[in-house]
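The number in my numbering is simply the position in the sequence shown, starting from 1, with 12 added.
By construction, the Cβ of each residue, glycine as well, lies at the ideal position given by its N, Cα and C atoms.
Have a look at the structure below, then the notes.
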Amino acid sequence: MKDAAIERCKQEFENTSQKDILFPKANHTERMKNMRFVNMLKKCDQSQILDKLQKKNAIFDLSWMKEEEAESFQKLSEQFVKDARAFDETLKDEDIFQALRNIWIIWMLELLFQLPLVYHEAMFAYSMLYPYSDNLLDDTTCSKEEKRQFNQWFSERLHGNYEPSQQLLRMKIDRLVQMIEAHFPRVTFSNVYEGLYMIQNAQIASVQQSEHLDLSKIYDISVDKGGTSVIADGYLINGEMSKEQFQFCVDFGFALQIVDDIQDQLEDGACGHHTLATMCKTKAQRASLFQKCWHFFDHLLEGFPCARHEVKDFVKDSCHELLAQCVLQQKQLYPKRLVEDIMEALPLESDDIESLSKEMKEKMEQAVVTL
13 MKDAAIERCK QEFENTSQKD ILFPKANHTE RMKNMRFVNM LKKCDQSQIL
63 DKLQKKNAIF DLSWMKEEEA ESFQKLSEQF VKDARAFDET LKDEDIFQAL
113 RNIWIIWMLE LLFQLPLVYH EAMFAYSMLY PYSDNLLDDT TCSKEEKRQF
163 NQWFSERLHG NYEPSQQLLR MKIDRLVQMI EAHFPRVTFS NVYEGLYMIQ
213 NAQIASVQQS EHLDLSKIYD ISVDKGGTSV IADGYLINGE MSKEQFQFCV
263 DFGFALQIVD DIQDQLEDGA CGHHTLATMC KTKAQRASLF QKCWHFFDHL
313 LEGFPCARHE VKDFVKDSCH ELLAQCVLQQ KQLYPKRLVE DIMEALPLES
363 DDIESLSKEM KEKMEQAVVT L
């Protein structure tokens with residue numbers, strides 16, 4: 013099922029339009045109102061900022077959720093942060109926030125699949141695995157041989173082969189895998205572990221992106237790496253998925269991978285890491301990839317059979333915002349007209365965006381992880 017889903021994803025993306033996007037212009041009065049709110053936030057301490065952001069629906073606009081869903085979302089987010097702190101008090105705020113974002117993706121899948129919001133130890137463990145493994149694999153001070161040995165050990169552990177280790181990182185990862193095994197016995201829920209194997213295999217293959225590869229191979233790696241990550245999210249909900257849900261996870265994961273690649277294109281290019289974004293050599297090519305990804309989000313969410321249109325609209329709008337932020341953070345890489353069109357659609361005056369974004373991002377992350 014995976015190979016067929018990946019081929020379909022590639023075909024759908026290739027057929028997706030890359031036409032210009034019509035951005036609606038922001039209302040000047042609303043911009044001024046938003047600016048006053050942000051200036052007020054800058055004067056708040058961390059104990060106040062989360063409450064004010066949530067009341068304003070500025071972290072997530074949860075107004076479209078049913079009341080019980082919004083309450084669960086908030087309470088379960090708080091519980092995840094507490095669990096993360098209890099598991100490892102040395103974790104950095106950004107690592108907890110990274111793991112929490114993955115939990116949020118799982119919950120969005122639950123709503124798209126028209127399931128109740130749930131949170132269990134396997135979701136916690138899976139979401140915590142990748143801040144640990146990603147940090148090691150992204151560490152430039154670690155040799156290729158160290159990373160190879162870690163990947164080999166991690167693959168063996170995911171397959172249920174336990175080799176005692178005195179390395180602290182491996183001990184933590186082993187505990188997390190044990191949590192998944194406790195919630196989803198391997199014999200009964202083999203799909204859960206197939207999802208984990210897929211991610212690890214894609215992670216190992218992605219190391220090749222530092223080698224000289226043609227566009228077709230980079231395309232394959234990107235679809236595989238992105239798609240498998242959300243396949244695992246889907247299986248972690250209750251251990252199974254329909255064919256339609258599986259296809260959506262592949263498509264959605266690939267689209268999110270493109271967003272990551274666009275966001276990291278300068279850093280990836282500097283270290284010789286080849287992605288679909290770094291393969292774009294001109295402003296026009298980068299704009300085309302941006303527009304194609306934007307329309308692909310539209311295509312896959314509008315086509316997914318979910319009766320709750322408000323859920324699909326929220327996910328689509330959130331993904332569009334992520335894409336737009338990627339362009340604004342790297343304006344020099346894109347055509348002037350595209351940058352101006354995005355800026356004119358912003359809820360704040362364009363001159364204020366750069367000065368506020370870094371400060372507010374830091375406050376947001378600190379506020380969320382001190383729930």
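query: Tell me where the alpha helix (DSSP H) around A357 begins and ends.; result: Note, A357: premise wrong, no alpha helix (DSSP H); not H, not E.
query: Would you tell me roughly how many angstroms separate the C-alpha atoms of D280 and Q212, rounded to the nearest one?; result: 20 Å
query: Once DSSP output is grouped into helix, strand and coil, what is the label at C318?; result: coil
query: Leaving aside the five residues before and after L312 along the sequence, list all residues of the same chain whose C-beta is less than 8 Å from its C-beta, in chain order.; result: E24, F260, D263, F264, A267
query: Take F308 and list the residues in its own chain whose beta-carbon comes closer than 7 Å to its own, dropping the five residues that flank it on each side.; result: F25, T28, A267
query: As a quick exercise: from Q190, L181, Y131, pick the residue whose alpha carbon is nearest that of N173.; result: Q190
query: Within its chain, find whatever has a CB closer than 8 Å to the CB of S139; leave out the 5 residues flanking it on each side and keep chain order.; result: F92, A111, L112, N114, I115, I118
query: Which one of Q277, K22, D245, A217 has the shortest CA to CA distance from N203?; result: D245
query: Given 8 Å as the limit, is there contact between the region 122-139 and the region 313-333, that is, 3 or more CB pairs closer than that?; result: yes
query: Would you tell me roughly how many angstroms separate the C-alpha atoms of L335 and P176, rounded to the nearest one?; result: 43 Å
query: Could you compute how far the alpha carbon of L149 sits from the alpha carbon of F162?; result: 9 Å
query: Taking the alpha helix (DSSP H) that I270 falls in, what are its first and last residues?; result: 255-275
query: Compare the Cα-Cα distances from E80 to each of A96, D146, P128, E106 and report the closest residue.; result: P128
query: With 16 as the cutoff for other CB atoms within 10 Å, does E19 come out buried or exposed?; result: exposed
query: Under three-state DSSP, which class holds R198?; result: coil
query: Span of the alpha helix (DSSP H) holding C21?; result: 14-26
query: Report the option in G315, Q30, F109 whose CA atom is closest to the CA atom of E256.; result: G315
query: Excluding five sequence neighbours on each side, which residues of the same chain lie with their C-beta closer than 7 Å to the C-beta of S59?; result: With a pLDDT of 48 at S59, under the threshold of 50, the predicted position of this residue should be treated as unreliable, though the coordinate-derived value follows. Nothing listed; no residue qualifies.
query: Considering only the alpha carbon of each residue, which of L248, L181, L225, M183 lies closest to P197?; result: L248
query: Here's the rule I'm using: 16 or more other beta-carbon atoms within 10 Å means buried, otherwise exposed. How should D15 be labelled?; result: exposed
query: For a test of the three-state rule: what should DSSP assign to L62, helix, strand or coil?; result: Residue confidence is low: L62 scores 46 on pLDDT, short of 50, so the model does not pin down where it sits. No coordinate-derived value is stated.
query: In terms of alpha-carbon separation, which member of C331, I274, E168, K31 lies closest to S234?; result: I274
query: Which same chain residues end up closer than 8 Å to I185 when comparing Cβ atoms and leaving out the 5 residues on each side of it in sequence?; result: L141, Y144, S145, F166, R169
query: For T290 and Q303, which I take to be in contact (beta-carbon distance under 8 Å), what is that distance rounded to the nearest angstrom?; result: Going by Cβ atoms, the distance from T290 to Q303 rounds to 18 Å, so no, they are not a contact pair.
query: Tell me the residue span of the alpha helix (DSSP H) that contains G143.; result: Before going on, a small fix: residue 143 reads as Pro here, not Gly. Start and end: 133-150.
query: At the level of alpha carbons, what is the spacing between M135 and L180?; result: 22 Å
query: What are the boundary residues of the alpha helix (DSSP H) that includes L88?; result: 79-99
query: Compare the C-alpha of C338 against each of L301, K324, V327, D325 and name the closest.; result: L301
query: To which residues of the same chain is V130 closer than 6 Å at the C-beta, ignoring the five residues directly before and after it?; result: none
query: According to DSSP, is I33 helix, strand or coil?; result: coil
query: Is it buried or exposed, D32, if we count other Cβ atoms within 10 angstroms and call 16 or more buried?; result: exposed
query: Hey, would you say E133 sits closer than 8 Å to H195, going by beta carbons?; result: yes
query: Between M13 and the rest of its own chain, which residues show a CB-CB distance below 8 Å, the 5 nearest in sequence each way excluded?; result: K255, F258
query: Excluding sequence positions up to five away, which residues of its chain have a Cβ less than 8 Å from the Cβ of M183?; result: S177
query: W116 lies in the alpha helix (DSSP H); which residues open and close that run?; result: 105-124
query: For R298, does the count of other Cβ atoms within 10 angstroms reach 16, so buried, or fall short, so exposed?; result: buried
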